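For reference, the structure discussed in these notes is given below.
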Amino acid sequence: MVEARVNYLKKETQNYTSRCASEAKKLVEDVEIETHNVDVVEREVADVLETSKLKLQEAIKQRDEEIQICAWELYALVDSVSKYKEYMASKISEMKSNLLETAGAVSDSYKSSLPLQFGLTFQANH
0 MVEARVNYLK KETQNYTSRC ASEAKKLVED VEIETHNVDV VEREVADVLE
50 TSKLKLQEAI KQRDEEIQIC AWELYALVDS VSKYKEYMAS KISEMKSNLL
100 ETAGAVSDSY KSSLPLQFGL TFQANH
């Protein structure tokens, strides 16, 4: 009976040890799987990060190019407005000069016609 009890306990110990070993093996496999999954996720994150960095650099490059284009367009516009302003100032000056000349001619013409009008008027009254 003692021997049967020892054999029984030995068998139970072996079964328990076997279950523990099996559970430990399963836990090790689970940890390995999770480690692999973490590695995969880390690689994916690294890829996404690298892709995002490249996209950011491209976006910055495009923005800088667009700013440069806008700056040149603004410069051209300001230059064009400046030239047009100079042109208009010249035209206004020319118009003022022509106006003064015309006003002078009208004034001279009117002045020269006054003696004739008064002369005719004086002669008509006499």
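Counting from 0, one number per residue, gives the positions in the sequence shown under numbering that gives the first Met the number 0.
Don't be surprised by glycine CBs; every beta carbon is placed ideally from N, CA and C.
This structure is a prediction, so every number in the text was calculated from the model and none was measured.
Measure the C-alpha to C-alpha separation of residue i and residue j and round it to an integer number of angstroms.
i, j, result
"C69", "L76", "10 Å"
"K90", "E100", "15 Å"
"R62", "Q56", "10 Å"
"K110", "L98", "18 Å"
"M94", "A88", "10 Å"
"D29", "L48", "28 Å"
"K54", "S79", "37 Å"
Give the DSSP-derived three-state secondary structure of residue i in the structure shown.
i, result
"M0", "coil"
"T16", "helix"
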